[in-house]
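In what follows, a single structure is set out as structure tokens and then discussed.
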Amino acid sequence: MVEIKPFGAWPSPITADSLSSGSIAYDTCVDNDFVYWCSTVATEQGRGQIFKQNINDSNTPPQALLPEGYNCMTRVHEYGRGSFKVSNDLVVFSNNKDSRIYTMINDEIKPLTAADTLYRYADFTIDTQNRFLVCIREEHFVNEEPKDVVNVLVSIDLKTGKETVIAQGKDFYSSPRLSPSNNELAYVCWSHPNMPWDFTELYYAKVEFENEQLTLKDLVCVAGDKIDESISQPQFGIDGTLYFASDRSLFWNLYSFDGKEVNLLLEKPLEQEFVGPAWSFNASDYIPLKSDASKLVVLNKDSLAILDTKAKTMTNLNCKYDHFAYIRVYLSKDGKEYVVADMSSTTEPSQVCSYDIKTQTIAHVHRKSVATRLEPEYLSVGKEVVFPTTDGKSAYCYYYAPKNPNYKGEGLPPLRVLSHGGPTAATNNSYSRAIQYWTTRGFAIADVNYGGSTGYGREYRNRLQYSWGIVDVDDCCNAALYLADQGLVDRNKLTIEGGSAGGYTTLASLAFRKVFSAGCCRYGVSDMSLLAKETHKFESRYPDRLVGEYPKDKAIYDERSPLYKADEIECPVIFFQGSEDKIVPPSQSEVMVNALKENKVPVAYVLYEGEAHGFKRAENIKRTVELEQWFYGQIFGFPVEGVEGVEIYNFPSKK
Numbered sequence: 000m001v002e003i004k005p006f007g008a009w010p011s012p013i014t015a016d017s018l019s020s021g022s023i024a025y026d027t028c029v030d031n032d033f034v035y036w037c038s039t040v041a042t043e044q045g046r047g048q049i050f051k052q053n054i055n056d057s058n059t060p061p062q063a064l065l066p067e068g069y070n071c072m073t074r075v076h077e078y079g080r081g082s083f084k085v086s087n088d089l090v091v092f093s094n095n096k097d098s099r100i101y102t103m104i105n106d107e108i109k110p111l112t113a114a115d116t117l118y119r120y121a122d123f124t125i126d127t128q129n130r131f132l133v134c135i136r137e138e139h140f141v142n143e144e145p146k147d148v149v150n151v152l153v154s155i156d157l158k159t160g161k162e163t164v165i166a167q168g169k170d171f172y173s174s175p176r177l178s179p180s181n182n183e184l185a186y187v188c189w190s191h192p193n194m195p196w197d198f199t200e201l202y203y204a205k206v207e208f209e210n211e212q213l214t215l216k217d218l219v220c221v222a223g224d225k226i227d228e229s230i231s232q233p234q235f236g237i238d239g240t241l242y243f244a245s246d247r248s249l250f251w252n253l254y255s256f257d258g259k260e261v262n263l264l265l266e267k268p269l270e271q272e273f274v275g276p277a278w279s280f281n282a283s284d285y286i287p288l289k290s291d292a293s294k295l296v297v298l299n300k301d302s303l304a305i306l307d308t309k310a311k312t313m314t315n316l317n318c319k320y321d322h323f324a325y326i327r328v329y330l331s332k333d334g335k336e337y338v339v340a341d342m343s344s345t346t347e348p349s350q351v352c353s354y355d356i357k358t359q360t361i362a363h364v365h366r367k368s369v370a371t372r373l374e375p376e377y378l379s380v381g382k383e384v385v386f387p388t389t390d391g392k393s394a395y396c397y398y399y400a401p402k403n404p405n406y407k408g409e410g411l412p413p414l415r416v417l418s419h420g421g422p423t424a425a426t427n428n429s430y431s432r433a434i435q436y437w438t439t440r441g442f443a444i445a446d447v448n449y450g451g452s453t454g455y456g457r458e459y460r461n462r463l464q465y466s467w468g469i470v471d472v473d474d475c476c477n478a479a480l481y482l483a484d485q486g487l488v489d490r491n492k493l494t495i496e497g498g499s500a501g502g503y504t505t506l507a508s509l510a511f512r513k514v515f516s517a518g519c520c521r522y523g524v525s526d527m528s529l530l531a532k533e534t535h536k537f538e539s540r541y542p543d544r545l546v547g548e549y550p551k552d553k554a555i556y557d558e559r560s561p562l563y564k565a566d567e568i569e570c571p572v573i574f575f576q577g578s579e580d581k582i583v584p585p586s587q588s589e590v591m592v593n594a595l596k597e598n599k600v601p602v603a604y605v606l607y608e609g610e611a612h613g614f615k616r617a618e619n620i621k622r623t624v625e626l627e628q629w630f631y632g633q634i635f636g637f638p639v640e641g642v643e644g645v646e647i648y649n650f651p652s653k654k
């Protein structure tokens with residue numbers, strides 16, 4: 000029998016503890032019949048662990064390679080990834096505890112780079128003979144300013160550890176990739192004030208390696224020097240053809256370079272994007288096949304597909320998954336070719352799988368979902384909604400209805416609007432246990448791809464130029480109002496939540512509009528001037544195009560800063576912050592909390608010691624989601640049992 004119970008208070012099969020067990024696999028690679036990947040282990044203080052499994056044996060549990068004391072992670076650009084690589088059984092990884100590179104073979108771990116330096120390393124590529132690697136090196140300094148940090152491209156001799164700078168002078172480098180013959184190298188670079196989705200350049204050179212030193216010859220700029228374009232994810236095919244993604248058509252399409260000219264892989268550019276924004280290293284949204292030099296595996300919207308460069312056609316493959324990350328290919332000894340990737344769908348959680356291209360079936364599941372699978376009757380699938388927004392335009396969100404077969408509420412459900420980070424990023428409707436946590440408890444969710452999000456082309460992405468704090472706020476508010484107008488949610492119980500840039504949009508929406516009744520801010524920006532002055536090098540000029548040049552446009556920064564409109568916030572807000580966050584420092588949360596306290600607005604603040612940008616420790620992930628639900632229960636008057644609350648300043652306790 001279905002029981003009537005307040006929305007937000009429904010008992011759910013999803014526990015808060017389980018939300019820390021489903022971290023994605025990243026930096027996936029395949030070497031000598033083994034699949035490798037890295038995952039954050041929340042129960043071990045969020046350290047990065049490398050796992051390994053035979054590609055033909057998914058029954059044997061994956062082997063964890065790193066003993067305690069090692070943390071496979073890098074903080075180059077602060078967002079990292081590209082933290083390890085495997086070549087001919089040699090594992091090379093960055094250890095976050097001391098920022099050194101280590102090698103491992105036959106379980107023996109040795110340091111490769113020197114101790115007591117302020118270098119960080121990321122995005123490794125290794126020559127096929129294991130003589131040298133090429134990677135990004137980021138140099139830091141004591142009491143540094145963002146402008147002081149130096150990024151270069153280096154080669155490192157794998158026997159001696161000798162480092163040679165092979166490219167320098169640009170502010171940023173990424174994606175060094177060697178051809179199968181080791182005779183060519185490609186890489187991407189860019190300089191301030193650009194971000195990698197603004198304007199980048201692709202370089203290509205001949206490689207010579209002798210006397211422990213690599214040199215580049217005949218360096219040419221393949222793309223980005225004559226037209227404004229964002230280039231990413233260079234990859235070499237088995238015949239030495241260089242592939243890459245470019246948005247020269249205003250959408251990230253795929254191109255090739257044969258040593259002489261650049262060619263589009265399809266007959267004409269499509270109004271869809273084949274790759275995402277380069278926030279972190281080592282992404283792979285497409286990959287050339289190893290069995291056929293004329294074919295690639297690509298993402299055709301929500302499908303895996305084979306792109307034939309000779310016929311200029313794209314053919315979808317039949318696969319039960321529709322979201323893919325870190326795509327690799329593996330050619331077995333008997334000639335079978337597999338796609339290996341982190342795969343998920345709207346109903347299936349993230350898993351590392353091998354997919355047989357010929358039979359179009361999943362051959363093995365290497366990394367199974369840790370959390371218990373949610374039964375279909377509890378599962379809320381996100382439906383893309385196109386809604387009207389400011390100036391007669393449209394924007395997008397994924398709507399999730401509350402769903403629990405055992406309960407129903409009275410009236411309409413509360414809505415939790417999600418404002419993604421970035422802000423130049425995007426959300427999708429891949430299965431998210433964190434979202435199901437809320438929908439099974441009686442909340443509706445609107446996961447918004449506001450103007451400025453990726454996936455819809457450069458024009459949509461550019462909506463946010465000089466309009467951060469306006470366009471994103473309008474779209475989040477309009478998404479909530481549209482769903483209320485449709486009779487799907489309670490107009491008096493609209494909430495908004497976000498982290499980082501999404502935390503800024505959350506605070507701006509509460510300060511500049513009167514739409515929401517409560518908010519949750521995770522390590523969000525409250526004073527844009529502090530962001531311009533305090534953040535790390537990678538994003539230090541990011542606000543130039545989002546807001547304006549600082550300090551010339553300081554008046555705009557102040558106008559868009561929630562801190563200076565704190566007296567306009569009337570609804571309760573809860574803040575979560577990591578003490579070691581270098582991207583959005585604790586000061587950003589604390590000034591806002593203090594302002595709301597003084598203005599007699601209900602506010603709560605939770606500071607996690609030792610956490611950085613994005614919480615990685617199991618106990619803090621659990622605590623955050625439980626406290627957010629508890630907080631809404633206090634505000635809206637529904638019971639949340641079993642959670643130890645925190646002080647809500649300026650709010651009467653409801654024990």
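What the sequence shown shows, in numbering that gives the first Met the number 0, is residues 0 to 654, in sequence order. Ideal Cβ positions, reconstructed from N, Cα and C, are used throughout, including at glycine. Computed from a prediction, not measured in an experiment: that's the story for all the values here.
(message) Quick check on Asn-58: buried or exposed, where buried means 16 or more other Cβ atoms within 10 Å of its Cβ?
(response) exposed
(request) May I ask which residues mark the beginning and end of the alpha helix (DSSP H) holding Gly-502? (result) 500-511
(message) Give me the residue from Arg-540, Asp-557, Trp-437 with the minimum Cα distance to Gly-632.
(response) Trp-437
(request) Could I get the ranges of all uninterrupted beta strand (DSSP E) runs contained in the region 26-103, with 3 residues as the minimum, in chain order? (result) 33-40, 46-53, 83-86, 89-94
(message) Rounding to the nearest angstrom, what Cα-Cα distance links Ser-578 and Asp-471 in this structure?
(response) 27 Å
(request) Kindly indicate which residue of Asp-355, Pro-651, Trp-36 has the alpha-carbon position closest to the one of Ser-290. (result) Asp-355
(request) Consult DSSP for Ile-573 and reduce its assignment to one of helix, strand or coil. (result) strand
(request) Tell me where the alpha helix (DSSP H) around Met-313 begins and ends. (result) Per DSSP, Met-313 belongs to no alpha helix (DSSP H); it is in the beta strand (DSSP E), 312-315.
(request) Counting only the same chain and skipping the five closest in sequence on each side, list residues whose C-beta sits under 8 Å from that of Lys-532. (result) Tyr-549
(request) Go through the region 349-397 residue by residue and report every complete run of the beta strand (DSSP E) that reaches 3 residues or more, in order. (result) 350-355, 360-366, 382-387
(message) Give me the residue from Cys-520, Tyr-556, Tyr-398 with the minimum Cα distance to His-612.
(response) Cys-520
(message) Assuming the contact rule is C-beta atoms closer than 8 Å, Val-328 and Ile-361 should be a hit. Round their C-beta distance to whole Å, please.
(response) The pair is not a contact, with the Cβ atoms about 15 Å apart (cut-off 8 Å).
(message) Considering just the uninterrupted stretch of the beta strand (DSSP E) at Tyr-325, what are its terminal residues?
(response) 322-330
(request) Taking 8 Å as the threshold, find out whether the region 215-222 comes into contact with the region 186-205 through three or more Cβ pairs. (result) yes
(message) Could you check whether Pro-145 and Ser-525 sit closer than 7 Å to each other, using their CB atoms as the reference points?
(response) no
(message) Tell me the DSSP secondary structure of Gly-497 in three-state form.
(response) strand
(request) Label Ala-15 either buried or exposed according to how many other C-beta atoms from any shown protein chain fall within 10 Å of its C-beta, with 16 as the threshold for buried. (result) buried
(request) Kindly list the residues whose CB is nearer than 6 Å to the CB of Tyr-398, restricted to its own chain and excluding five residues on each side of it in sequence; keep chain order. (result) Lys-382, Val-384, Ala-445
(request) Determine the direct distance from the alpha carbon of Thr-345 to that of Asn-448, and round the result to whole angstroms. (result) 17 Å
(message) Assuming Gln-359 and Asn-317 are in contact, meaning their beta carbons sit under 8 Å apart, how far apart are those beta carbons, in whole angstroms?
(response) 5 Å
(request) Note the first and the last residue of the continuous beta strand (DSSP E) segment covering Leu-201. (result) 200-209
(message) On the CB-based measure, 16 or more other CB atoms within 10 Å of its CB, does Lys-319 come out buried or exposed?
(response) exposed
(request) Closer than 8 Å by C-beta to Glu-643: which residues in its own chain qualify, once you throw out the five before and the five after it? Chain order, please. (result) none
(message) Any contact between the region 243-250 and the region 34-51? By contact I mean 3 or more CB pairs, one from each, below 8 Å.
(response) no
(message) Along the chain, where does the alpha helix (DSSP H) containing Ala-433 start, and where does it finish?
(response) 432-438
(message) Taking the straight line between their C-alpha atoms, what separation do you get for Val-338 and Ala-114?
(response) 38 Å
(message) Do Phe-614 and His-76 count as a contact pair if the criterion is CB distance below 7 Å?
(response) no
(request) Could you have a look at Ile-647 and say whether DSSP puts it in helix, strand or coil? (result) coil
(request) Confirm, please, whether the CB-CB distance from Asn-315 to Ala-304 is below 7 Å. (result) yes
(request) For Ala-517, count neighbouring Cβ atoms within 10 angstroms of its own Cβ and tell me buried if that reaches 16, exposed if not. (result) buried
(request) Note down, one range per segment and in chain order, each beta strand (DSSP E) of at least 3 residues found wholly within the region 537-575. (result) none
(request) Within the same chain, show all residues whose beta-carbon is closer than 6 Å to that of Tyr-604, passing over the 5 residues directly before and after it, in chain order. (result) Phe-574, Val-592
(message) I'd like to know whether the C-beta atoms of Val-655 and Ser-178 end up nearer to each other than 7 Å.
(response) A question about residue 655 goes unanswered here, because the residues of the chain that appear run from 0 up to 654.
(request) Figure out for me which residue from Gln-212, Arg-372, Pro-422 has the closest Cα to the Cα of Lys-663. (result) As shown, the chain starts at 0 and ends at 654. That puts residue 663 outside it, with no answer to give.
(request) Identify every run of the beta strand (DSSP E) within the region 219-250, keeping only runs that are complete inside it and at least 3 residues long; order them along the chain. (result) 230-235, 241-245
(request) Quick one: give me the first and last residue of the beta strand (DSSP E) that Val-471 is part of. (result) Checking the displayed sequence, the identity of residue 471 turns out to be Asp instead of Val. Note, Asp-471: premise wrong, no beta strand (DSSP E); alpha helix (DSSP H) at 470-484.
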